[in-house]
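As you go down the protein sequences, you meet chains A and B in turn. Start counting the first sequence at 1; every next residue gets the next number (our numbering). Start counting the second sequence at 242; every next residue gets the next number (our numbering).
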Amino acid sequence: MSSLLRIENLSKSFKGLLANDDINMEIFDGDVRCIIGPNGAGKTTLISMISGHLKPTLGKLYFQNKLINKLSLVNRSCIGIGRKFQTPTLFDNLNVAQNVELSILRHNLSKKDILKKIDETLEIVRLIDKRDILANELSHGQRQWLEIGLLIGNNAKLLLLDEPTAGMTSEETYATTKLINQLSTEKNLSAIVIEHDINFVRELGAKITVLHLGKVFTEGTYNQIEKNKKVREIYLGKADA
Amino acid sequence: MAIKILKNISGENKAALIIFILMGLLPIFISGYIIFILPQYMLFGLLAVSLCILWGYSGIISFGQAAFFAIGAYTMGIVFKGGGEINPAYVGIVCGALLSGIVALIVGYFLFSVKVRSSYFVLATLALSIVVEQLAKSQKDITGGWNGLFVDRITLTIGPFIEYSLFDDIPMYYFVFFITLLSFISIKWLMASKFGKILIGIRENEDRISALGYNTSFYKTIIFAVSGLLAGLAGAIYGSHAGFVDPSLARVLFSTEVIVWVAIGGRNSLIGSLAGGILVASLSNYLNSVTPEYWQLIIGMIFFIVIIIFRDGLAGGVEKTYNKFF
Chain A
1 MSSLLRIENL SKSFKGLLAN DDINMEIFDG DVRCIIGPNG AGKTTLISMI
51 SGHLKPTLGK LYFQNKLINK LSLVNRSCIG IGRKFQTPTL FDNLNVAQNV
101 ELSILRHNLS KKDILKKIDE TLEIVRLIDK RDILANELSH GQRQWLEIGL
151 LIGNNAKLLL LDEPTAGMTS EETYATTKLI NQLSTEKNLS AIVIEHDINF
201 VRELGAKITV LHLGKVFTEG TYNQIEKNKK VREIYLGKAD A
Chain B
242 MAIKILKNIS GENKAALIIF ILMGLLPIFI SGYIIFILPQ YMLFGLLAVS
292 LCILWGYSGI ISFGQAAFFA IGAYTMGIVF KGGGEINPAY VGIVCGALLS
342 GIVALIVGYF LFSVKVRSSY FVLATLALSI VVEQLAKSQK DITGGWNGLF
392 VDRITLTIGP FIEYSLFDDI PMYYFVFFIT LLSFISIKWL MASKFGKILI
442 GIRENEDRIS ALGYNTSFYK TIIFAVSGLL AGLAGAIYGS HAGFVDPSLA
492 RVLFSTEVIV WVAIGGRNSL IGSLAGGILV ASLSNYLNSV TPEYWQLIIG
542 MIFFIVIIIF RDGLAGGVEK TYNKFF
């Protein structure tokens, strides 16, 4: 397994407020990592720095062992960092197949290969029978999947998924954990997933990083995190009460 | 067989086919003023298409189309005034289109690469119209100032011996007709290509398309240059057809008219925009001769009515009606 993303001493301050404070993390090919933490812990800030939407104040980002701090948002998508936004961000007035086509067009494939790849991608994200439906007519859960589909069509190697199950039924949430794990095992894709839904986190079964006040609070498996009293105090404890 | 082929053509292409066939056959049935003036409106139609690819396809609204049209027209005028060895028709048309395209490329590059917000972009294009108009007024030695420039009808030449004058109305009509047809087909092809699809992606969701790895300012700059090129081409030929260019061509009011044509014709449809330009310009001319006091009021009311009833202009209205009955 080779290193896909390495984060070294990453910090971000907004006018003196430290949103991310000295974060270190390494993601290997095929890894799925779950990031949890209370509101304001700095989860979305971290993802935004990886995707290139925000510039880090301090620290270094390596993708496939190359420094990418200076790479623009567009170029980061080109090397394989794909982001799914917190609210599904799609081409609302285009149909499902056209949405995926736009993610595939970048690769200069022949017309036949584009059509083939659209079908493959829609098959993976379970939207093959919705291909002619407009994106804004999909359910909230299907919109989330379509956005993941755009990242797959775009050949992303690292999926940054910001709350991928927001607005989903429990059935859809379960299907999403299966989808993410399937992408990891079958396609060797890696994912960093931000989630609040604790059922999702348990079902996903990935290694968990807990962020608190911008810092890595602790890391571990679901069982370890669940038993950690301090995590309960900052996060789960509040949820229980 | 023919019916089978017709069935496979999309509604928009059918409309385009019908409009071009009608325009192609028109001089057989009528002559006189209409055949003289219609080429001018076809060029206005092309000007409308140059806005359609920006506004309808890419979501960029421009109040500067008149400026590019004027740059084309003045280039033709100045080339004629200067004379020269090579046929001024070709020099005028090629330079007019290129110069407009280059100005658009430069303006677009500076505005889009610093990611100017769309509301400020509109203001910048508005300013461009004013700058071009002021230059046309003030540079008397080159542009003739308020008096403008007289331009001759062009003559097409192939080699040293074959000449084809466009002085008469019918040759001019067919020359403009073929330029319009060729430009329309080229733009149609461009918009159906990968490039056109990405522009639609930019219009639909710029955040998403750039997060998919497309450099949006590059695509926007290129389409703005293509739009300038097309407007300049139409302007250069207009100069020769009208026989006269003056600063009013660059006026903001004229740019606004282009927006009205496209809005009435349908900004999401190339053929709708072309037809919008031809129809509304013809109607304006007719109303102007019938009721010189009220024609602008009537055009304004038609604009409101069309926008309220059909959000996608006449093209959208025709499509809806067609789908209802067939």
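Where is the CB? At the ideal position from N, CA and C, for every residue including glycine.
query: Residue-level contact to chain A via CB, B/L511, 9 Å cutoff; result: no
query: Among B/A472, B/V290, B/F304 and B/F544, nearest to B/L524 - alpha-carbon criterion; result: B/F544
query: Own chain residues within Cβ distance below 7 Å of B/L369, not counting five before or after; result: G305, A308 and V348
query: Neighbourhood of B/W387 by C-beta, 8 Å cutoff - its chain only, sequence neighbours within 5 removed; result: K378, D487 and P488
query: Beta bridge counterpart(s) of A/V193 as assigned by DSSP; result: A/C34 and A/L161
query: B/A433 burial status per 10 Å Cβ neighbour count (16 or more: buried); result: exposed
query: B/F362 versus B/L352 - alpha carbon distance; result: 7 Å
query: Short Cβ contact (9 Å threshold) for A/L4 with A/L158; result: yes
query: Host alpha helix (DSSP H) of A/D119 (start-end); result: K111 to I124
query: Proximal residues, the segment 67-91 of chain A versus chain B, C-beta separation under 7 Å; result: L73, V74, S77, C78, R83, T89, L90 and F91
query: Sufficient close CB pairs (3 or more, under 8 Å) joining the segment 73-82 of chain A to the segment 41-48 of chain A; result: no
query: Exposed unless 16 or more other CB atoms sit within 10 angstroms - verdict on B/R358; result: exposed
query: A/N154 versus A/A19: straight-line alpha-carbon distance, rounded; result: 30 Å
query: Meets three-Cβ-pair contact criterion under 8 Å: the segment 507-519 of chain B and the segment 539-559 of chain B; result: yes
query: 7 Å Cβ cut-off: residues of chain B touching A/N95; result: Under the 7 Å cutoff, chain B gives no residues; its nearest Cβ is about 12 Å from A/N95.
query: Rounded separation between B/V332 and B/G297 - CA only; result: 31 Å
query: Complete beta strand (DSSP E) runs within the segment 275-329 of chain B (minimum length 3 residues, chain order); result: none
query: Under the three-state DSSP convention, the category B/I478 falls into; result: helix
query: Beta-carbon proximity check, A/E8 vs A/K70, cutoff 9 Å; result: no
query: The segment 107-120 of chain A / the segment 175-192 of chain A touching (three or more Cβ pairs under 8 Å); result: no
query: CB contact check: B/I463 to chain A, cutoff 9 Å; result: no
query: Stretch-stretch touch, CB-based, cutoff 8 Å, three pairs: the segment 311-324 of chain B with the segment 334-341 of chain B; result: yes
query: Unbroken alpha helix (DSSP H) run spanning B/A433, endpoints; result: D410 to A433
query: Continuous beta strand (DSSP E) stretch holding A/Y62: start and end; result: L58 to F63
query: Endpoints, the alpha helix (DSSP H) within which B/V493 is located; result: V493 to G506
query: Residues that DSSP places opposite A/H212 in a beta bridge; result: A/K215
query: Extent of the continuous alpha helix (DSSP H) run through B/D448; result: E447 to A452
query: Within 9 Å, strictly: CB atoms of B/I426 and B/G300; result: no
query: Residue of B/L295, B/I334, B/F408 and B/W502 minimising C-alpha distance to B/F522; result: As written in the sequence, residue 522 of chain B is Ala, which differs from the Phe given in the question. Ranking the options by Cα distance to B/A522, first place goes to B/W502.
query: Host beta strand (DSSP E) of B/N526 (start-end); result: Taken as a continuous stretch (DSSP letters only), B/N526 belongs to no beta strand (DSSP E), being part of the alpha helix (DSSP H) at L511 to V531.
query: Bounding residues of the alpha helix (DSSP H) (the contiguous stretch that carries B/D382); result: K381 to T384
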